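Quick note on my numbering: the sequence shown kicks off at 7 and runs consecutively.
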Amino acid sequence: MAKPESFEDHLEVLERIVDELETGELELEASLERYQEGVKRLKSCYGLLQKAERKVKTLVRDEDGELREEPFGDEDA
Numbered sequence: 007m008a009k010p011e012s013f014e015d016h017l018e019v020l021e022r023i024v025d026e027l028e029t030g031e032l033e034l035e036a037s038l039e040r041y042q043e044g045v046k047r048l049k050s051c052y053g054l055l056q057k058a059e060r061k062v063k064t065l066v067r068d069e070d071g072e073l074r075e076e077p078f079g080d081e082d083a
């Protein structure tokens with residue numbers, strides 16, 4: 007079974023797609039296909055970033071000086 011593509015893999019393909027579209031050398035149908043692939047890759051990147059963000063935790067000291075984990079960006083911390 008193939009391993010899932012990483013954020014970097016998706017980003018690399020997305021950059022190539024943008025380069026291809028910017029050249030203006032693709033025919034309309036091919037441009038539309040590459041654009042759709044780019045949108046798919048972009049959504050994958052956003053999904054992977056959101057997943058990573060949920061994993062990030064920060065250590066904070068409570069009133070007793072003890073360290074505890076809280077989700078990153080918790081407004082109450």
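We put the beta carbon where it would ideally sit given N, CA and C, even for glycine. The model shown is predicted, which means the values in this text are computed figures rather than measured ones.
Same chain, Cβ closer than 7 Å to residue i, five either side skipped, listed in chain order
| i | result |
| --- | --- |
| R40 | I23, E26, L27, L32 |
| L48 | L20 |
| S37 | L27 |
| S50 | H16 |
Nearest neighbour of residue i, chosen from the options [CA to CA]
| i | options | result |
| --- | --- | --- |
| F13 | L54, E43, G30 | L54 |
| A58 | P77, T29, V19 | P77 |
| L17 | G30, Q42, T29, Y52 | Y52 |
Buried or exposed (CB count within 10 angstroms, at least 16 for buried), residue i
| i | result |
| --- | --- |
| R74 | exposed |
Own chain, CB closer than 6 Å to residue i, minus 5 neighbours either side, in chain order
| i | result |
| --- | --- |
| K9 | none |
| V62 | F78 |
Cross-strand partners of residue i (DSSP beta bridge)
| i | result |
| --- | --- |
| T29 | None; T29 has no bridge partner. |
| R74 | V66 |
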